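Numbering (this note's numbering), first residue to last: -5 to 157.
Glycine included, each C-beta is placed from N, C-alpha and C at the ideal position.
Note that the structure is predicted; figures quoted are calculated from it, not measured.
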């Protein structure tokens, strides 16, 4: 696969994965918190584990480092914007008025708990230079050529001395 195609596919995967990771954490955390007291909800656990597997696939994938760079930038930018807002004297309720009330607790947990580690893991995974290079293409194997025939042996000259 050519490098350009690989990076386009990686960018598409990264753009698609960012909201899937956020939704997986928000829904998984919110529902897990509600049902954790009574029993384990295996569907919610599967969503949470699936989110972690998606992060691992983006971090270890050979499709392109853009697949991990774009969500990494999104999640670190997400928490970075919240921390800058707090540092500049704003409140800690960044975007809370636009989140439905049933997902508010999951959004807060995503923002202040999962966003920084997820972003850092994905950014670190895209920092390796070997991920930016394409697959190495070895030159095609040249079929072995037949060995040339050895030169003929010199003819023996009969000796003139007789025994």
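query: Segments assigned alpha helix (DSSP H), at least 4 residues, entirely inside the segment 27 to 97; result: 36 to 54 and 60 to 81
query: Spatially closest choice to residue 72 from 122, 13 and 58, by CA coordinates; result: 13
query: Residue 110 vs residue 45 beta-carbon contact at 8 Å; result: no
query: N- and C-terminal bounds of the alpha helix (DSSP H) containing residue 166; result: No statement about residue 166 is possible, as the shown extent of the chain runs from -5 to 157 and does not include it.
query: Neighbourhood of residue 64 by C-beta distance below 7 Å, restricted to the same chain and skipping five residues each side; result: 5, 8, 9 and 12
query: Given residue 126 as reference, the closest of 56, 93, 142 and 77 once Cα atoms are compared; result: 56
query: For residue 110, the first and last residue of its enclosing alpha helix (DSSP H); result: 109 to 119
query: Contact belief for residue 53 with residue 62 at Cβ below 8 Å, rounded distance in angstroms; result: 5 Å
query: Whole-number beta carbon distance between residue 21 and residue 100, since they are thought to touch under 8 Å; result: 7 Å
query: Simplified DSSP assignment, three categories, for residue 146; result: coil
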